[in-house]
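The structure appears below as structure tokens.
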Amino acid sequence: MEMEPKKAWIVFSSKGNTSKSYLEPYSVTYEKECSCEICCNDCNVCIHKFSCTCHDYSIRFVICKHIYFVVQHFNCHDLNKRPGSFTNSNDDLTIDIDEDINRNEEHAAISELKKNVISDLDQ
Numbered sequence: 001m002e003m004e005p006k007k008a009w010i011v012f013s014s015k016g017n018t019s020k021s022y023l024e025p026y027s028v029t030y031e032k033e034c035s036c037e038i039c040c041n042d043c044n045v046c047i048h049k050f051s052c053t054c055h056d057y058s059i060r061f062v063i064c065k066h067i068y069f070v071v072q073h074f075n076c077h078d079l080n081k082r083p084g085s086f087t088n089s090n091d092d093l094t095i096d097i098d099e100d101i102n103r104n105e106e107h108a109a110i111s112e113l114k115k116n117v118i119s120d121l122d123q
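In terms of UniProt numbering, the sequence shown is numbered consecutively and its last residue is 123.
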């Protein structure tokens, strides 16, 4: 039995400072099996196998910590060879995020996007 595409997990990250923290849900989705060679050296997962709704994946198109968690926690290193290893009903994840770093990365990404838009308009 092979893993069906569009299998999804909800991963929660904590945001905010200690007095005003909250959980932000992100959706990690198994997209498809891929045999390309663009793989992470640590987990051997191709960047095309999973997607996430977080900023790191959406803007920078990198394997984010939410995808790493799903891969490590559910043994998704080789989806076709490990069928049935994706269920774990009682596990939750909270990932702490440094708000200042996150805010700086967002500002840098937005500034870069604005430069690209202005450059495109000038042409």
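Just so it is clear, CB atoms sit at the ideal spot from N, CA and C, and this is done for glycine as well.
These figures come from a predicted structure and were not determined experimentally.
Going by the CB atoms, is the gap between residue 45 and residue 71 shorter than 8 Å?
yes
In three-state DSSP terms, what is residue 38?
Residue 38 falls in the coil class under three-state DSSP.
Give the single residue among 47, 29, 28, 25 whose Cα lies nearest to the Cα of residue 37.
47
Spatial neighbours of residue 9 within its chain, please: C-beta separation below 6 Å, excluding the five flanking residues on both sides.
28, 70
Taking the continuous beta strand (DSSP E) assigned at residue 11, which residues delimit it?
7-15
Identify every residue that forms a DSSP beta bridge with residue 29.
Per DSSP, 8, 51.
Is it right to say residue 67 is buried, meaning 16 or more other beta carbons lie within 10 angstroms of its own, or is it exposed?
buried
Identify which residue in 118, 32, 113, 122 has its Cα closest to the Cα of residue 60.
113
Do residue 26 and residue 52 have their C-beta atoms closer together than 8 Å?
yes
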